[in-house]
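In my numbering, the protein residues as written are 324 to 565.
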């Protein structure tokens, strides 16, 4: 009978397994990674992280590099700069200056804008007045781009600034800086003085162009064209204001 057969099978299984509730656990033993393998993995992760960081930096810097490449390298045939390009460029120094109201200002705080710079004694002779006038006119004639440019007068001595200049200097940045400190940053052309030129500084704080000495209205128009080309080349990454 089938029932008796099942009973016999159950009895035989019970006899074969005296401890039916106990079973051995199956364990798989894995070898531990060697120190060399651990270090190699860490090196790979470090290298990968550095590569990713480099890629991010390159992406961020690409617009700046491209604009300078277009201006300095890919130039239209026959085009000439009126101003003299400075190579290598010189960064704004970590120098403390003083405003006309006596406030201390670090020159590096001027970064973030294009700077059209003149240098002169506080007495401000006719040549100084002429430069200040040209700086203001060049900036104002830039139209909507004028807010990307600051005009700066660096006073290189302790002479008092004439009160008559206060009104015309509205909108200008006027800072008093020691002549010896300026001489370590800006330089005139051979045989000239610092006060003979206008200087151009880019938003990253690099002095990158010097305009010819004794600039007149015709020369200022040519200098303005240089400035306009630079503003167009940097339009993708440079915004108005610091």
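For each residue, glycine too, the CB sits at the ideal point set by N, CA and C.
Local conformation of residue i per DSSP, three classes
i: residue 422; result: strand
i: residue 525; result: coil
i: residue 299; result: Since the first residue shown for the chain is 324 and the last is 565, residue 299 is missing from the structure and cannot be characterised.
i: residue 498; result: strand
i: residue 515; result: coil
i: residue 376; result: helix
i: residue 346; result: Residue placement at residue 346 cannot be trusted, given a pLDDT of 49 that sits under 50; what the coordinates show is reported in the next sentence. If DSSP states are grouped into helix, strand and coil, residue 346 belongs with coil.
i: residue 531; result: strand
i: residue 555; result: helix
i: residue 493; result: coil
For residue j and residue i, believed in contact at Cβ under 8 Å, the rounded distance
i: residue 462; j: residue 476; result: About 13 Å; that fails the 8 Å criterion.
i: residue 464; j: residue 375; result: Not really, about 45 Å apart at Cβ, beyond 8 Å.
i: residue 421; j: residue 565; result: Wrong, their Cβ atoms sit about 20 Å apart, outside the cutoff.
i: residue 505; j: residue 452; result: Going by Cβ atoms, the distance from residue 505 to residue 452 rounds to 20 Å, so no, they are not a contact pair.
i: residue 445; j: residue 489; result: Their Cβ separation, rounded to whole angstroms, is 12 Å, which puts residue 445 and residue 489 out of contact at 8 Å.
i: residue 412; j: residue 530; result: 6 Å
i: residue 447; j: residue 479; result: In fact, because the Cβ distance is near 11 Å, the residues do not count as touching under 8 Å.
i: residue 434; j: residue 528; result: 4 Å
i: residue 524; j: residue 415; result: 7 Å
i: residue 440; j: residue 522; result: 4 Å
i: residue 491; j: residue 455; result: 7 Å
i: residue 554; j: residue 426; result: Between residue 426 and residue 554 the Cβ distance is about 29 Å, and since that is not below 8 Å, they are no contact.
Residues near residue i in its chain [Cβ-Cβ closer than 6 Å; skip 5 each side]
i: residue 510; result: none
i: residue 563; result: 470 and 471
i: residue 497; result: 423 and 476
i: residue 405; result: 545, 546 and 549
i: residue 514; result: none
Own chain partners of residue i with C-beta closer than 7 Å, once the 5 adjacent residues on each side are dropped
i: residue 561; result: 471 and 526
i: residue 407; result: 532 and 533
i: residue 431; result: 415, 417 and 528
Chain-order list of residues whose beta-carbon lies under 8 Å from that of residue i (same chain, five-residue window excluded)
i: residue 519; result: 450, 511, 512, 536 and 537
i: residue 290; result: There is simply no residue 290 to check, as the chain begins at 324 and stops at 565 in what is shown.
i: residue 371; result: none
Residue span of the alpha helix (DSSP H) that contains residue i, given as start and end
i: residue 561; result: Segment: none, residue 561 is in no alpha helix (DSSP H) and carries neither H nor E.
i: residue 538; result: Where residue 538 is concerned, there is no enclosing alpha helix (DSSP H), given that its DSSP letter is neither H nor E.
Residue range of the unbroken beta strand (DSSP E) whose run includes residue i
i: residue 408; result: 407-414
Near the ligand SAM: residue i beta-carbon under 8 Å from a heavy atom
i: residue 404; result: Absence of the ligand SAM from the depicted structure is noted, as is the absence of any ligand whatsoever, leaving it without description.
Inside the region 427-452 only - beta strand (DSSP E) runs reaching at least 3 residues
427-429 and 437-443
Output the residue ranges of the beta strand (DSSP E) runs that lie fully inside the region 454-481 and measure 3 residues or longer, sorted by chain position.
472-478
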